[in-house]
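Residue numbers (this note's numbering), protein chains in the order written: chain E, 2 to 294; chain S, 2 to 294.
Backbone N, C-alpha and C define an ideal beta-carbon position, used for all residues, glycine too.
2 protein chains.
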Amino acid sequence: MVSHVRRFNRTVTQRIGALHDHFLARGRPLGQARLLWEIGPGGSDVRTLRSRLDLDSGYLSRLLRSLEHDGLVAVTQNGSDGRLRVVRLTAAGLAERAELDRRSDEAARAILGPLTGAQRERLVAAMAEVERLLVASMVDISPADPRHVDARTCLRAYFGELAGRFDHGFDPERSSHVADAEMRPPSGLFLVAALYGEPVGCGALRFRDGEPAEIKRMWVSEAVRGLGLGRRVLAELEARARAHGVRVVRLETNRSLTEAISMYRAAGYREVAPFNAEPYAHHWFEKELETGS
Amino acid sequence: MVSHVRRFNRTVTQRIGALHDHFLARGRPLGQARLLWEIGPGGSDVRTLRSRLDLDSGYLSRLLRSLEHDGLVAVTQNGSDGRLRVVRLTAAGLAERAELDRRSDEAARAILGPLTGAQRERLVAAMAEVERLLVASMVDISPADPRHVDARTCLRAYFGELAGRFDHGFDPERSSHVADAEMRPPSGLFLVAALYGEPVGCGALRFRDGEPAEIKRMWVSEAVRGLGLGRRVLAELEARARAHGVRVVRLETNRSLTEAISMYRAAGYREVAPFNAEPYAHHWFEKELETGS
DNA sequence: AATGTCCTCTGACTAAAGTCAGAGGATGGA
DNA sequence: TCCATCCTCTGACTTTAGTCAGAGGACATT
């Protein structure tokens, strides 16, 4: 399996990598072209550019000066934080970026060009599959403090979604409350799934002395559904629960969350009698964790 | 369709490209690492390295000097042709390459790691498909002189294959001869299909005054069968014949070349009565070319 | 034997990419 | 208010990557 992936890597870096770079950088150094592209039509902070492209600050500064000198970008002070600077594309810069866009299209066409119609369709379908799965494998799941910005973003999205999907809306006040401290060691933990640095999913665990641990706040962003991310978050929570000595986990859920319900069943959860009085719950599930060797 | 390819390009250059380069170049400049890899365990001619990596001869020479200086390669004269030089990895070079190998494996595993078993299988299958089709689209078909090394290589392989597949072998002396000059403008032309700078297929055209043009020497290397390359060579020959004012093309073939025969049929050729006395032929085909607009 | 082509190498460059140290203003927390 | 930290910038490098012209030996063709 590994050898297949390697074959793919070789071919793809040759075909896509080289082509991409070659098309992107016509006349202009590749570094400048990439930067111009990354700034985007709406502009960016210099800081985010530095972290996204992973550049030395001196080097980035110089690249910006050269783009500025060519009249492609304008750098201004950020209003709220005087240390930050904002880069925006000028009209000429936008035109240049549109040209890069056109070239990218051309590169794509150069790949499709030599193929027959049927081959093109198969290629595009297979590319879509590879792309989806590569994206899935790029998602990073790791613990975060429930107070962290990313955790906050997830929770907001989670509650927003409940409000939209439950038959009669969702009022956090009526639901049983879980304090931040209960989703943080040593009482529990909070996992955030991130893609390209943006939070796209979460899940929490609350340990209860002498009782099964509870799984809470399971959420996956609409944008990345179907990548098996929910299952991964769930598996990660279970693994961490097991490592904490937990033998049984349980959770409750609302009847409108059908995909979640079937995911729980597929993951080996069985429905049990209500073990709490959560007013928004219709189903209660439980799973016995296998004790790792 | 183009936008799908572009999405793919973006994801893949991020995930594979960056990973690949990073893993490959440890401490050593990327150019050197790539070269070290490309030399391979069995060694290579400097010439083939130059064409495969598409490097300037001066630059390549310098890269070799630095690898030699580090004790990783040894450059010696080629026995048969005193102009060529052969590069071989030393023990240290082989060890270094094994390390790169290990790293590539690691990179592949890092991609598969986060996925479930079913996802891995789908990913590997889709990667194989993408890879095959990208390889197909990398093949370059262009005219060459029949005396050129690549053309020679193709013709040797072609005759070798005929000898292996025909029921009673193949003796070029008995077959009707086609002079090099007849497969070169203005009397005809010779196309070579190349992949990574290596010839992998060919096809020739012989113009005949007042008669249909003849298609000759159609061959596709075993290594790249199933990529639709035969069809592309044929289409290219037809297009060039048409551009030359030819209205009808024809060809003869042996009954043991079954894939070729079905390809001709699929491409719109119909079987006709023998139009020559080629002793090895069992089928004669003809096709009327559509006059381009 | 002469001539043109092929292959590799060296010398002499240039441009791009990247690194490092430190200056200097802005901000946030003690 | 002071001090540590953050952010961006400049100066002064080094390393990589790549180009171009031409030398000189080896072959192939006539």
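Q.
Counting only Cβ-Cβ distances shorter than 7 Å, please list the residues of the segment 124-137 of chain E near chain S, keeping chain order.
A. L124, V125, A127, M128, A129, E130, V131, E132, L134, L135, V136 and A137
Q: Could you name the residues of the same chain whose beta carbon sits closer than 8 Å to that of E/D141, not counting the 5 residues immediately before and after it, in chain order?
A: A194, A195 and L196
Q | Near-chain S residues of the segment 246-269 of chain E - C-beta to any C-beta below 7 Å | A | none
**Q.** C-beta atoms of S/E130 and E/A111 nearer than 7 Å
**A.** no
Q. From this set, S/W38, S/R233 and S/G80, which residue's C-alpha is nearest S/L90's C-alpha?
A. S/W38
Q. When burial is assigned at 16 or more other CB atoms within 10 Å of the CB, is E/A224 buried or exposed?
A. exposed
Q: Please name the residues in the segment 206-223 of chain E whose beta-carbon is closer than 9 Å to at least one beta-carbon of chain S, in chain order.
A: none
Q. Would you say S/D57 reaches chain E, if we count a Cβ-Cβ gap shorter than 7 Å as a contact?
A. no
Q.
If I measure Cβ to Cβ from S/I262 and keep anything under 7 Å in the same chain, skipping five residues before and after, which residues do I get?
A. T254 and H284
(Q) Going by the DSSP bridge assignment, what does E/W285 pair with across the sheet? (A) E/E253 and E/V273
Q.
Between which two residues does the beta strand (DSSP E) holding E/M184 run?
A. E/M184 -> no beta strand (DSSP E), and no H or E assigned at all.
**Q.** Inter-residue spacing [alpha-carbon to alpha-carbon] between S/R157 and E/A236
**A.** 58 Å
Q: Identify which residue in E/L290, E/L101 and E/T77 has its Cα closest to the Cα of E/L36.
A: E/L101
Q: Report buried or exposed for S/V249, applying the criterion of at least 16 other Cβ atoms within 10 angstroms of its Cβ.
A: exposed
Q.
Going by DSSP in three states, S/G204 sits in which element: helix, strand or coil?
A. strand
Q) The alpha helix (DSSP H) with E/L36 in it runs from where to where? A) L31 to I40
**Q.** Outcome for E/M184 when other beta-carbon atoms lying within 10 angstroms are tallied against a minimum of 16
**A.** buried
**Q.** Enclosing beta strand (DSSP E) for S/D102 [first to last residue]
**A.** It is not in any beta strand (DSSP E) - S/D102 instead sits in the alpha helix (DSSP H) that spans A92 to L113.
Q: May I have a chain-ordered list of the beta strand (DSSP E) segments no shorter than 3 residues that lie completely inside the segment 124-150 of chain E?
A: 141-144
Q) Can you find a CB in chain E that lies within less than 7 Å of the CB of S/I112? A) yes
Q. S/P30: buried (16+ other C-beta within 10 angstroms of its C-beta) or exposed?
A. exposed
**Q.** Interfacial residues, the segment 137-149 of chain S to chain E, with Cβ spacing under 9 Å
**A.** A137, S138, M139, V140, D141 and I142
Q: State the DSSP-derived secondary structure class of S/T117, mapped to helix, strand or coil.
A: coil
Q) Does the pairing of the segment 177-191 of chain E with the segment 204-212 of chain E give three or more beta-carbon distances under 8 Å? A) yes
Q: Quick one: give me the first and last residue of the alpha helix (DSSP H) that S/V76 is part of.
A: Counting along the chain, S/V76 falls outside any alpha helix (DSSP H), though it belongs to the beta strand (DSSP E) covering V74 to Q78.
Q: Kindly give me the distance between the Cβ atoms of E/V3 and S/D146, rounded to whole angstroms, as I take these residues to be in contact under 8 Å.
A: Contact doesn't hold; Cβ gap of about 43 Å is too wide.
Q: For E/D22, name the three-state secondary structure that DSSP assigns.
A: helix
**Q.** Neighbourhood of E/E289 by C-beta distance below 7 Å, restricted to the same chain and skipping five residues each side
**A.** R248 and V249
Q) Helix, strand or coil: how does DSSP classify E/R27 here? A) coil
Q: With 7 Å as the limit, tell me which residues of the segment 35-55 of chain E have their beta carbon closer than that to any beta carbon of chain S; keep them in chain order.
A: none
Q: Just the C-alpha distance for E/V179 and S/A109, rounded to the nearest angstrom, thanks.
A: 40 Å
Q) Going by alpha carbons, who is nearest to E/A214 out of E/L73, E/R148, E/G246 and E/D71? A) E/G246
Q. In this structure, does DSSP put E/R226 in helix, strand or coil?
A. coil
**Q.** Contacts of S/A109 in chain E (Cβ-Cβ under 9 Å)
**A.** M2, V3, S4, H5, V6, R7, F9 and N10
(Q) If distances are taken between C-alpha atoms only, which option among E/V13, E/D210, E/A96 and E/G41 comes closest to S/V6? (A) E/V13
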